[in-house]
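Heads up, the sequence shown is in the working numbering, so the first residue is -19 and it goes up one at a time.
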Amino acid sequence: MNPVSYRSYYGEKISYLCFGIPNTKKCANNGITKIELENELYNYLDQKIKSCINIESYRDDQTYEINIGNYNLNIEILDKNILFNISYPIMLKRNGIEVSNPGFFNIIDIPLGKIQEAVVDVLNAESNGYLDNVLYVVLKKNEFIVIAEKIFPDTIYKVKYKDSNYEFRLAVKGNE
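Spelled out as C-alpha cells, the structure:
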C-alpha cells in the first residue's frame, strides 16, 4: 500500500519485489506472503475503520447506558475471499431494554489468495532467471493472466485471476 522501494508507473507506485543480481539474469526475490499481505491490509485499514465508528458520541447521551468492549480487527486472506472480522462488543440499555452487538463480520469476494499464489510463481521464476508468462498461463490452465511489460531496465508484471477485475502489480528491478 505504501511501498518503500518502487517504480513509478503511470502515476502509481509499483513495489519492487525482486532486485536484479549484477551480471546475471536472476534477481533476489523479496516476495510477499499471505501473512505480509494481511498485515499490510491491517495497517492500511485499521485506523480508517476506527475513524468510521463513532460510538463514543453516545457516551454523552444520558438516556442510554452504554458498555463498549475492546476493538479488534482480524483479516484473513483465503484463495477467493478476504474475511474481515471486527470484534467490538457494544451494549446499549434503556428502560430495561438491552441491545448488543459483538462486532461485524464481512466476506469480500476478492481472489487475493489465488493472485498471491501466482505472484509467488512469477517471482520464483524471475529469481531463477526467466519467466515465460505465456507458458505459465497455459500450464495453469488459463487460471491467471500474467502480462509483463519491459520498461528498461525494469519489468512490470500485472497478475490477474480469471474472471476477476482485481489486478496485482509488481516490479522486478533490472540492472542498468
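Note that the Cβ used here is the ideal one computed from N, Cα and C, for glycine as well. Every value quoted in this text rests on a predicted model; they were computed, and no experiment measured them.
Please determine, among the options, the residue with the shortest C-alpha to C-alpha distance to residue i.
i: Asn10; options: Ile87, Glu56, Tyr146, Asn104; result: Asn104
i: Asp143; options: Asn122, Tyr22, Asn81; result: Asn122
i: Val114; options: Glu106, Ile127, Ser107, Asn108; result: Ile127
i: Tyr110; options: Ala8, Tyr(-11), Arg149, Pro(-17); result: Ala8
i: Pro133; options: Val152, Asn145, Gly93, Phe148; result: Val152
i: Asp89; options: Glu18, Tyr44, Asp59, Ser80; result: Asp59
i: Lys5; options: Glu106, Asp112, Lys30, Asn145; result: Glu106
i: Asp46; options: Glu(-8), Glu78, Leu119, Ser(-12); result: The displayed chain sequence assigns Ile, not Asp, to residue 46. For Ile46, the nearest C-alpha among the options comes from Glu78.
i: Asn65; options: Leu119, Tyr22, Val118, Tyr146; result: Tyr22
i: Gly157; options: Asn52, Asp26, Lys14; result: With the chain represented from -19 up to 156, any question about residue 157 goes unanswered, as that position is not in the structure.
CA-CA distance, residue i and residue j?
i: Glu156; j: Lys130; result: 13 Å
i: Tyr141; j: Gly49; result: 39 Å
i: Ser(-5); j: Phe148; result: 10 Å
i: Lys166; j: Pro2; result: Because the chain spans -19 through 156 in this model, residue 166 falls outside it and cannot be assessed.
i: Glu56; j: Glu16; result: 11 Å
i: Asn108; j: Leu(-3); result: 14 Å
i: Val139; j: Asp112; result: 14 Å
i: Met(-19); j: Gly83; result: 26 Å
i: Ile95; j: Tyr68; result: 31 Å
i: Asn145; j: Ile125; result: 11 Å
i: Thr43; j: Arg74; result: 7 Å
i: Arg(-13); j: Lys(-7); result: 6 Å
Mapping DSSP to helix, strand and coil, what is residue i?
i: Tyr24; result: helix
i: Lys142; result: coil
i: Glu56; result: strand
i: Lys6; result: coil
i: Ser67; result: strand
i: Ser31; result: helix
i: Asn81; result: strand
i: Asn(-18); result: coil
i: Asn47; result: strand
i: Ile15; result: helix
i: Tyr(-10); result: coil
i: Glu156; result: coil
i: Ile62; result: strand
I believe residue i touches residue j by the beta-carbon criterion, under 8 Å. Please report the beta-carbon distance rounded to the nearest angstrom.
i: Val186; j: Tyr137; result: Given a span of -19 to 156 for the chain in the structure shown, any question on residue 186 remains unanswerable.
i: Ser80; j: Ile70; result: 7 Å
i: Leu53; j: Leu25; result: 7 Å
Taking 7 Å as the cut-off, is the C-beta of residue i nearer than that to any heavy atom in the ligand ADP?
i: Lys94; result: Ligands in the displayed structure: none, and consequently the ligand ADP is not present.
Using a Cβ-Cβ cut-off of 8 Å, state whether residue i counts as contacting chain B.
i: Leu111; result: Annotation note: the requested chain B is absent from the structure, which comprises a single protein chain.
_Ordered list of beta strand (DSSP E) runs contained in the region 85 to 137, each at least 3 residues_ = 124 to 131
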